[in-house]
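K.L.:
Each residue of the sequence shown is one higher than the last, beginning at 30 in our numbering.
Backbone N, C-alpha and C define an ideal beta-carbon position, used for all residues, glycine too.
In this text the structure is predicted, and so the values were computed from the model without any measurement.
Would you mind keeping the following structure in view while I ask a few things?
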Amino acid sequence: FASLGVFERAAEGTVYLRNADALPAPLHNRLHAALASQQVTRVGAKRPVALRARLISATSAPLLEMAESGHFRRDLYYRLSVVAITMPPLRERREDIPLLANFLLEKINRRLGKRVDKVAFEAMLALTTYSWPGNVAELAERLESLVAADTHGVIRVADLPPALQREIGNSDNTVAAANVPLKEAKKRFEREYFKDLLRRTRGNMSLASRSSRVGRPYLYKKISDYEIDPKDYR
């Protein structure tokens, strides 16, 4: 009997090709042929069948440069990049880190059966300052190791690895402790945090409350203190 391939098993669903740059060269021709003809042939079958699945591919490598240098099939590159979405590295969107950290904490807590409810302010400041060369995957791995080792339900600066702590002092993005009192630094951070929270939740206070893990009365008080209007983000 002919065996079903990846695309047929996906039916009308989605096939996710992770690390497209690592696709073995012998598969370049087969994948290009499938995308070009919108047909696939089962192993052991004689007739092709229609390709109905959607293909989403991802890469962290400069795929266009690889195609131009002959290390990736050029016409396959163009087939894969019909609709291209470029995701900036985490270091260029530090404002996303608090929301990402809270989202990842929820998932990690459920998987490990732990209850790490928050990241202390100073620790969150450290997370938003670090350059994260490994992007979201590195952030997720770091948080998982911190949650696994946690014994008090809160991630503190003291819990962070020395390498990450050293980056705090070396970064130009850190609030200058010598010139800004801690109370003022906290205010600046909180104001930007709540503005970004409302931006990402489109001014939906219920969603913002769940995402930030703070009660709605407290959230309303904070945005009022910082003169932030949720309507500006809808």
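1. Nearest-angstrom Cα distance between Y222 and K251?
2. Have a look at R47 and S66 and give me their C-alpha separation to the nearest angstrom.
3. Between Y106 and E256, what straight-line distance do the alpha-carbon atoms span, to the nearest angstrom?
4. What residue range does the beta strand (DSSP E) around T43 cover?
5. Quick one: what's L84 bridged to in DSSP?
6. For E19 and L128, I'd like the C-alpha separation in whole angstroms.
7. Are the Cβ atoms of V145 and G182 separated by less than 8 Å?
8. Would you tell me roughly how many angstroms separate the C-alpha atoms of A237 and R83, rounded to the nearest one?
9. Kindly indicate which three-state DSSP category A205 falls into: helix, strand or coil?
10. Let's see if you can read the secondary structure: which residues bound the alpha helix (DSSP H) around N233?
11. Pick helix, strand or coil for K224, following the three-state DSSP scheme.
12. Evaluate Y249 with the Cβ neighbour count: other Cβ atoms within 10 Å of its Cβ, from every protein chain shown; 16 or more gives buried, anything less gives exposed.
13. Rounding to the nearest angstrom, what Cα-Cα distance links D261 and R217 in this structure?
14. Where does A74 sit, in a helix, a strand or coil, going by DSSP?
15. May I ask you to report which of helix, strand or coil DSSP gives Q67?
P.N.:
So, from the data block:
1. Between Y222 and K251, the alpha-carbon positions lie close to 11 Å from each other.
2. About 22 Å.
3. Roughly 48 Å between the two C-alpha positions.
4. Following the DSSP letters along the chain, one finds T43 inside the beta strand (DSSP E) bounded by residues T43 to L46.
5. Looking at the DSSP assignment, L84 forms a beta bridge with V44.
6. The displayed coordinates of the chain run from 30 to 263. Any statement about residue 19 would go beyond what the structure contains.
7. In this structure, V145 places its C-beta atom within 8 Å of the C-beta atom of G182.
8. Our two residues, A237 and R83, have alpha carbons roughly 32 Å apart in a direct line.
9. Bear in mind that the predicted position of A205 carries a pLDDT of just 45, short of 50, making it unreliable; the figure below should be weighed with that in mind. Three-state result, A205: coil.
10. N233 -> no alpha helix (DSSP H), and no H or E assigned at all.
11. Three-state result, K224: helix.
12. Classification for Y249: exposed.
13. Answer to the nearest angstrom: the Cα atoms are 19 Å apart.
14. Residue state, collapsed to three classes: coil.
15. Coil.
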